[in-house]
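Going by my numbering, the sequence shown opens with residue 5, and the numbers climb by one from there. To keep things clear, I will list the structure first and then write my remarks on it.
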Amino acid sequence: MPFAEFTALLALATAMSFTPGPNTTLSTALAANRGLPHAMRFVCAVPVGWSALLLLCAGGVGAVVVAA
């Protein structure tokens, strides 16, 4: 990999590791507005949702949607 590309990749990876994603932002907003118990339910539900999404993708549901 050329040095310029590596530098750009390193800058992007560094910036992306420090910026919060939508799940982090939403869980922070939930905790601020509704309290920690509501936010903890959301925090525990996020990995369940991601796991379901990954299982559906692994099962080939994407090919069915594209074919329809």
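All C-beta atoms in this analysis are idealised placements derived from N, C-alpha and C, irrespective of residue type, glycine included. If you're wondering where the values come from, they're calculated on a predicted model, not measured in any experiment.
- For a cut-off of 8 angstroms, the C-beta gap from Phe10 to Ser31 is around 33 angstroms, too long to register as a contact.
- Taking a contact to require three or more Cβ pairs closer than 8 angstroms, the region 39-55 and the region 11-22 do not qualify as touching.
- DSSP places Gly64 outside any alpha helix (DSSP H), giving it a letter other than H or E.
- Ala43 is positioned such that its CB atom lies no closer than 9 angstroms to that of Ala56.
- In the DSSP assignment, Pro26 falls within the unbroken alpha helix (DSSP H) covering 26-38.
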